[in-house]
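Going by numbering that gives the first Met the number 0, the residue at position 88 of the sequence shown is 87; the numbering climbs one at a time, nothing skipped.
Just so it is clear, CB atoms sit at the ideal spot from N, CA and C, and this is done for glycine as well.
Notes follow the structure.
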Amino acid sequence: MQTIIIMFDPEKLENPDLDLTYALPVRIEEYTDNIVYDNGYDYVDGDVIAMWLETENAETGAEKVIELIKAERIVDNDLSKTVEILISEEDCAEIDKCRKIFP
Numbered sequence: 000m001q002t003i004i005i006m007f008d009p010e011k012l013e014n015p016d017l018d019l020t021y022a023l024p025v026r027i028e029e030y031t032d033n034i035v036y037d038n039g040y041d042y043v044d045g046d047v048i049a050m051w052l053e054t055e056n057a058e059t060g061a062e063k064v065i066e067l068i069k070a071e072r073i074v075d076n077d078l079s080k081t082v083e084i085l086i087s088e089e090d091c092a093e094i095d096k097c098r099k100i101f102p
């Protein structure tokens, strides 16, 4: 499997509700017909949250994720203004093994 990481600082969100850590992966799974799915999250660099996602093809999956965050507000947040998206061909890749593709 390949890796997609979505990173965001809750302090920069319009609605810093941590339900986002549950709602976003569920919505991504629905939106992508389970092509991209949840693989956990962790705090990195202080309060920044990194959400790991798995998929067969990180580039294609990330395109769908970007399409979703541009089209929909998740837990009353416009994530297109606040998230960074990274990808890697490695399974469960660490952040330093990924390349940033958004913004």
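- A straight-line Cα-Cα distance of about 12 angstroms links TYR42 and ILE94.
- By the Cβ test, the stretch 24-34 is not in contact with the stretch 75-91, since fewer than three Cβ pairs between them sit closer than 8 angstroms.
- Beta-bridge partners assigned by DSSP to LYS69: none are found.
- Sequence-distant partners of GLU13 (beyond 5 residues in either direction) whose C-beta falls short of 8 angstroms from its own C-beta, in its chain, are ASP75, ASN76 and ASP77.
- Per the DSSP secondary-structure output, VAL74 pairs with nothing in a beta bridge.
- In the DSSP annotation of this structure, the continuous segment of the alpha helix (DSSP H) that includes ILE27 starts and ends at 19-30.
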